[in-house]
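For reference, the structure is listed below as C-alpha cells.
Residue numbers (the working numbering), protein chains in the order written: chain A, 426 to 581; chain B, 55 to 310.
In C-alpha cells form, the structure reads like this:
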C-alpha cells in the first residue's frame, strides 16, 4: 500500500485539490480513497482498467460529493473506468500528460471550460448553460466532443 | 462506436455524474439492456480519468502518508466485498461455478465408485481365472506325470486290453489322448498317433512311449486348427516318429 501511495497519491491529491480548492479537504479525500482501497481491494478490477485512472475518478467523485454535500451516487464497486493499462502502466507519464495538456490547450476555450466545469466542479449541463448563457444541447455536445478528443489523442 | 446516438450526449454526462432528472432515469434504463452503451460508459469514464490527470498540483504533504500508514496499521484488511447491483451477475456466476463444481464432484465420486466396483469385479474374475489355470495345470501335470497310472474298470474277468481315450476339438485343434495297457515296444520304436481327416492323408498327432504300467498320454500335440477328423489311429513307428504311417494300425478309433 505504501508503494501504491507513493506512486499514485499525487494524482489523487491533485484532483481532490483541484475540485475542492482546500488542502485539508483534499488530504481527507486522499486518506479516504486509499483506505477504501485498503479495506476493499476487490472493488478495483485490474482487468477493466488502470489503477491510477480508477483512483483519479474515485477521488474526483468523492471530492464532488464533498462539494455538493450529498451522498455518493455510485458505490465504489460499481465504478468501472476503462483506461488503457499501457497508457499509465509504463513510465511514460510525462508523454501522456503532455498529450492531455496539448489536447486541452488546443481545444476551444468554451469547450474546455464546459468540460472542466462538468468534471472538476460537478456542474450539470443545466448549471453550465445557466452560467454561460449557452443552449443546453450545445453544452452537452461540447462535453461529449471534449471527452472524445481526449480519447482520440491518447489512443493514437 | 456502436453506442446508440440518441443517448450519446447524455451518456457522456452520465459518465461524469452530472446527468439528472428524467434523462438520467432514461439512460439508466437503457444501460440495463445495452451492453454496447455500458462499454462506452466505461470508456467515457476512462476519458474523464485522462482529464483528471491534467490536474497537476503540489504533492500531498508527508503527514498524509504518515496518517494513512497509521490508520492501515490499526485496521486489519477485511476481505469482504460489499454486495452491489452490478456484481449480481458475477455473484450468480460464482454460484453457478460452485454448483457446476458440486455436480462435477458428484459425477467424479460416482465414476470413482463405478471404477472401484469394476476393478473389484475384474480382480474377482482374475482370481477365478488364476484358480482355473492352477487347476488346469494340475490336471495336465497329473495326466503327463511319468508315474501316472490309469485304471480301466471293466465288467467280467477278461484280462485288460489296450485302450485309448481321446478327446479332440477340431475348431482349436486341441487334442488329449490317454492310453492304458499298451504293450511294451522293442527299443527304438514308439507308438504314433494319427489324425485321419475326412479327406486327405493321415496327419501325425504325437509320438508316445507307454510307461511301465502301459499308460501313456498325448496332450496338445502341434495340430493345425480346423481339421475335421474322421477317426484316429495308432501305428508303431521308429522312436523319432514318421511323417506318414509306415505300418498297419494297431488301434483305430471309433466314435463314442
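Every residue, glycine too, gets a C-beta built ideally from N, C-alpha and C.
Just to confirm before moving on: does the CB-CB distance between residue 276(B) and residue 233(B) stay below 8 Å?
no
Have a look at 67(B), 231(B), 118(B), 280(B) and flag the residue whose alpha-carbon is nearest the alpha-carbon of residue 270(B).
Per the C-alpha coordinates, the member of 67(B), 231(B), 118(B), 280(B) positioned closest to residue 270(B) is 231(B).
Using a C-beta to C-beta distance shorter than 7 Å, which residues of chain A count as neighbours of residue 123(B)?
Think of a sphere of 7 Å around the beta carbon of residue 123(B): the chain A residues whose beta carbon falls inside it are 427, in chain order.
What does residue 532(A) reach in chain B if we use C-beta pairs closer than 7 Å?
Under the 7 Å cutoff, chain B gives no residues; its nearest Cβ is about 11 Å from residue 532(A).
Return yes when the Cβ of residue 521(A) is within less than 8 Å of the Cβ of residue 107(B), no when it is not.
yes
Rounded to whole angstroms, what is the Cα-Cα separation between residue 161(B) and residue 181(B)?
30 Å
If you reduce the DSSP assignment to three classes, tell me which class residue 246(B) lands in.
Residue state, collapsed to three classes: strand.
Closest Cβ-Cβ distance between residue 74(B) and chain A: below 8 Å?
yes
Bridge partners for residue 232(B) per DSSP, in chain order?
219(B), 271(B)
Taking C-beta pairs closer than 7 Å, name the residues in chain A that residue 66(B) reaches, listed in chain order.
Those are 568, 569, 572, listed as they occur along chain A.
So residue 565(A) contacts chain B; which residues on that side make the cut at Cβ distance below 8 Å?
63, 64, 66, 67
Buried or exposed (CB count within 10 angstroms, at least 16 for buried), residue 195(B):
exposed
By the 9 Å beta-carbon criterion, what residues does the region 453-475 of chain A contribute toward chain B?
455, 456, 459, 460, 463, 464, 465, 466, 467, 468, 473, 474, 475
Give a yes or no on whether 8 Å exceeds the smallest Cβ distance from residue 89(B) to chain A.
no
Please tell me whether residue 248(B) and residue 299(B) are closer than 8 Å, where the distance is taken between their beta carbons.
yes
For the beta strand (DSSP E) that residue 308(B) lies in, which residues bound it at each end?
Here residue 308(B) belongs to no beta strand (DSSP E), and DSSP marks it neither H nor E.
Which residues bound the alpha helix (DSSP H) around residue 81(B)?
75-87
State whether the region 474-485 of chain A contacts the region 449-464 of chain A, with contact taken as three or more CB pairs (one from each stretch) at a distance under 8 Å.
yes
Which residues in chain B have a C-beta closer than 9 Å to the C-beta of residue 547(A)? List them in chain order.
Within chain B, the residues near residue 547(A) are 70, 71, 72.
Could you list which residues in chain B have their beta carbon closer than 8 Å to that of residue 442(A), in chain order?
109, 111, 112
The alpha helix (DSSP H) that contains residue 489(A), what's its start and end?
476-493
Identify, in the order they occur along the chain, each residue of the same chain with its Cβ nearer than 8 Å to the Cβ of residue 217(B), setting aside the five sequence neighbours on each side.
206, 233, 234, 235
Sub-8 Å separation of residue 254(B) and residue 285(B) beta-carbons:
no
So, for residue 98(B): in the same chain, excluding its five sequence neighbours on each side, which residues have a beta-carbon less than 7 Å away from its beta-carbon?
65, 66, 69
Tell me the rounded alpha-carbon separation between residue 546(A) and residue 572(A).
16 Å
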